[in-house]
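Colleague: Handing you this structure, nothing more for now.
Protein chains in written order, with the numbering used here: chain A, 1 to 343; chain B, 344 to 711.
This is the structure we're talking about:
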């Protein structure tokens, strides 16, 4: 994709988090740099779940971490609570982070192996309020995430399974009553049966604690299930942003369509389409000119090389950065059919 | 759990036949029954999918079939016949003529299965030299052909490169090229695409399928993802706690699921065609400890259908339809199963004491 632009940003009062022109670059030797995230923008309304989806190396986790300012982005704004997080001092940032929490992919390594579960969960309280693990909120949260406070509270992470550790991580992230929860691949290390438990739990907690969520994952089916809107990323850019059901029914970006076609459906009757992608992700050190997806795109033309596509609306709430989208006026006949077929 | 599976096509000797294979590990915590009485068979040109979660014993099963487990703390019983030859009693010296040449394996992580300090060309020509006696230019030309056949561009140049110079998908293509080098009759792929992105996963699975057809190989795909084997395997075996709990031709398994665990696995996967925020039918609890499984069905504590009988009597694989077997006292889609579920729903809990989430259970009953 992609492209840049801010046409998809909304002008509403209930926007909780707004990211504009976010750029993250990592320096290499000889003046080269990794263009991990190259000018992306999105916003999230109160109570909404935004899914960020893409293959490894597309910059989705870097985006999540850049929102937390860990590390701080190269440029761009992260507006939260009326403040630009990237301009805050370290002390102000620490205070803001209590309202902005993150859970990670590997549930076991993200917990301190030497501490007991209840101390891990109580850490935020001990830092900000001087309270200990006997605070009633610790017990309440452990119960809320489906752990028995009496049995699990005194254990250490190695005594728990992966799914239980992820529950502890979730309890820890909620203890300071955050407004925004950023989940970075929270279920990809878990077995399918446990994955469903954690996804259901996140949905329940979101309602109970009035959370706004950013859900980062590579599995489009998981992202679609939990998100209200989905942003598809490719090589540091956003290709497409749309409500999740729209995105699945009528993908507008050729990359979204290819991602959808690649997912193996657990259904032997499912048809194999030949929309599979060829080639590999180009290097983020020297990303292609124009549209970054053009080297693998079945619809690429000369224009895609010369001109970077900008975000524009092709259907209600559906924004795409592509010169030749699959939805809208220029959509080819055959593809319109394709877009409606799975329904 | 010996199976009374009839040999279809008399005189048609299977490529691989595993009979009542048991593999236990002696550990300080006790004996881990990682594989506990598994029987299966693979024919030439056919694909068997083995599906299970972590800890179900699927990887140990593949290692045990390949004779790749350490001897010192492993207890192994049962038989593994490859083209009629018994492998369990073979010495490593004899196995070396079979490994790579007749049976080959692809592992999950291509970075750790390739040697990081040896050029790709040398890693491929190594087995060509050992098994086929090919050397020098002949071996090199063969290696280039192999890399081309697995879809690696600029194959000549790649021969001189090291694994770290390739992407994950390209590395997995190299391990496939190495596995195919000597034209094996059986290929065991243990989670071959789990470490790869979906778009690359699709390419690798397509590649395995083409190579299998061209070579008429038997293929075993081991995976935790039913989606990976749904469109590709001829037959699927579902493993739980070291045993096969359901086995059927692929379409039959999806159309008429009998084992509540298989049903639970299928229902807990988020599906693209469901509207966003569809509640998932999660399987409660977690897989059992294999050290001391206790009596009864190992799935009973997590099963919506569990009755008193399930807590005391371990079910064995029983036939349901041609080639379809399930190990369950109250199979899904039968009157016994429906009655069991209705009883549990009325009681609000199963015989194992697990509370029934009525929304989930009703969705389950509706599908039966």
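Glycine included, each C-beta is placed from N, C-alpha and C at the ideal position.
1. Would you decide whether residue 611(B) is buried or exposed? Buried here means 16 or more other CB atoms lie within 10 Å of its CB.
2. Under the rule that 16 or more other beta-carbon atoms within 10 Å means buried, what is residue 710(B), buried or exposed?
3. Taking 8 Å as the threshold (beta carbon to beta carbon), is residue 738(B) in contact with chain A?
4. Can you tell me whether residue 177(A) is helix, strand or coil according to DSSP?
5. Residue 663(B) touches chain A at which residues, Cβ-Cβ below 9 Å?
6. Exposed or buried, what is residue 442(B) when buried is set at 16 or more other beta-carbons lying within 10 Å of its beta-carbon?
7. Of the choices 560(B), 569(B), 539(B) and 549(B), whose alpha-carbon is the least far from that of residue 349(A)?
8. From the DSSP secondary-structure annotation, give me the bridge partner or partners of residue 583(B).
9. Looking at chain B, is there any beta carbon in it that lies within less than 8 Å of the beta carbon of residue 222(A)?
10. Spatial neighbours of residue 501(B) within its chain, please: CB distance less than 7 Å, with the 5 preceding and 5 following residues excluded, ordered by chain position.
11. I'd like the ranges of any beta strand (DSSP E) spanning at least 3 consecutive residues and lying wholly in the region 595-671 of chain B.
12. Residue 565(B): beta carbon under 7 Å from a heavy atom of the ligand HEM?
13. List, in order along the chain, the chain A residues whose C-beta lies closer than 7 Å to that of residue 571(B)?
14. Closest by CA to residue 252(A), which one among 206(A), 188(A) and 311(A)?
15. When we look at the beta-carbon of residue 81(A) and count the other beta-carbons within 10 Å, is it buried (16 or more) or exposed?
16. Against chain B, with Cβ distances strictly below 8 Å, would residue 225(A) count as a contact?
17. Taking the alpha carbon of residue 365(B) as the point to measure from, which residue in 633(B), 656(B), 673(B) and 571(B) has its own alpha carbon closest?
18. Going along the chain, which residues of the region 504-516 of chain B sit with their C-beta nearer than 9 Å to a C-beta in chain A?
19. Leaving out five residues before and five after residue 652(B) in sequence, what residues of the same chain have Cβ atoms less than 6 Å from its Cβ?
20. Given that residue 371(B) touches chain A, what residues does it touch there, using C-beta distances under 8 Å?
21. What separation, rounded to the nearest whole angstrom, lies between the Cα atoms of residue 11(A) and residue 211(A)?
22. Can you give me the start and stop residues for the alpha helix (DSSP H) that residue 510(B) sits inside?
23. How would you call residue 218(A), buried or exposed, if buried means at least 16 neighbouring beta carbons within 10 angstroms?
24. Could you work out which residue in 518(B), 426(B), 488(B) and 549(B) is closest to residue 561(B) when comparing CA atoms only?
25. Which complete alpha helix (DSSP H) runs does the region 42-107 of chain A hold, if anything under 4 residues is left out?
26. Quick one: what's residue 442(B) bridged to in DSSP?
27. Measuring CA to CA, which of 322(A), 293(A), 214(A) and 69(A) is closest to residue 45(A)?
28. Can you pull the DSSP bridge partners for residue 369(B)?
29. In angstroms with no decimal places, state the Cα-to-Cα distance between residue 241(A) and residue 103(A).
30. Kindly list, in the order they appear in chain A, the residues whose Cβ is closer than 7 Å to that of residue 556(B).
31. Taking C-beta pairs closer than 9 Å, name the residues in chain A that residue 390(B) reaches, listed in chain order.
32. Check for me: the alpha helix (DSSP H) holding residue 234(A) runs from which residue to which?
33. For residue 266(A), count neighbouring Cβ atoms within 10 angstroms of its own Cβ and tell me buried if that reaches 16, exposed if not.
34. At a CB distance below 7 Å, what residues from the region 357-386 of chain B approach chain A? Give them in sequence order.
35. Would a check of beta-carbon distances place residue 451(B) closer than 8 Å to chain A?
36. Does chain B have any CB closer than 8 Å to the CB of residue 307(A)?
Modeller: So, to answer that:
1. Answer is buried; the Cβ neighbour count reaches 16.
2. Only weak support exists for where residue 710(B) lies, its pLDDT of 39 falling under 50; the value from the coordinates is given anyway. With fewer than 16 neighbouring CB atoms inside 10 Å of its own CB, residue 710(B) falls in the exposed class.
3. With chain B represented from 344 up to 711, any question about residue 738(B) goes unanswered, as that position is not in the structure.
4. Residue state, collapsed to three classes: coil.
5. Chain A residues near residue 663(B): none, gap ~18 Å exceeds 9 Å.
6. By the neighbour-count criterion, in which 16 or more other beta carbons inside 10 Å mark a residue as buried, residue 442(B) falls on the buried side.
7. No information on residue 349(A) is available, as it lies outside the stretch 1 to 343 that chain A covers here.
8. For residue 583(B), the beta-bridge partners assigned by DSSP are 586(B).
9. Residue 222(A) counts as touching chain B.
10. 463, 490 and 495.
11. If we require 3 residues or more, the beta strand (DSSP E) runs fully inside the region 595-671 of chain B come out as 661-664 and 667-669.
12. The ligand HEM is not part of this structure, which contains no ligands at all.
13. For residue 571(B), the chain A residues whose Cβ falls inside 7 Å of its Cβ are 264, in order along the chain.
14. The residue among 206(A), 188(A) and 311(A) with its C-alpha nearest the C-alpha of residue 252(A) is 311(A).
15. Residue 81(A) counts as exposed, since fewer than 16 other C-beta atoms from the protein chains shown sit within 10 angstroms of its C-beta.
16. For residue 225(A), the answer is yes, since a Cβ of chain B falls inside 8 Å of its Cβ.
17. Closest by alpha carbon: 633(B).
18. Within the region 504-516 of chain B, the residues whose Cβ lies closer than 9 Å to some Cβ of chain A are 510, 511, 512 and 513, listed in chain order.
19. Cβ within range, chain order: 672.
20. Against chain A, the beta carbon of residue 371(B) has no neighbour under 8 Å; the closest one sits roughly 16 Å away.
21. Just so you know, the alpha carbons of residue 11(A) and residue 211(A) end up roughly 20 Å apart.
22. It is not in any alpha helix (DSSP H) - residue 510(B) carries neither H nor E in the DSSP assignment.
23. Counting the other CB atoms within 10 Å of its CB gives residue 218(A) a total of 16 or more, which places it among the buried residues.
24. Nearest of 518(B), 426(B), 488(B) and 549(B) to residue 561(B), Cα basis: 426(B).
25. Within the region 42-107 of chain A, the complete alpha helix (DSSP H) runs of at least 4 residues are 60-67 and 90-97.
26. In DSSP, residue 442(B) forms a bridge with 446(B).
27. The residue with the shortest Cα to Cα distance from residue 45(A) is 214(A).
28. Beta-bridge pairing links residue 369(B) to 374(B).
29. So the two alpha carbons sit approximately 23 Å from each other.
30. Result: empty, since nearest Cβ-Cβ is about 14 Å, beyond 7 Å.
31. Identification of chain A residues near residue 390(B) by a Cβ-Cβ cut-off of 9 Å yields none; the smallest Cβ-Cβ distance measures about 12 Å.
32. DSSP places residue 234(A) in no alpha helix (DSSP H) but in the uninterrupted beta strand (DSSP E) bounded by 229-234.
33. It is buried - the Cβ of residue 266(A) has at least 16 other Cβ atoms within 10 Å.
34. Cβ contacts with chain A come from no residue of the region 357-386 of chain B.
35. False, the Cβ-Cβ gap to chain A never drops below 8 Å.
36. At least 8 Å separates the CB of residue 307(A) from every CB of chain B.
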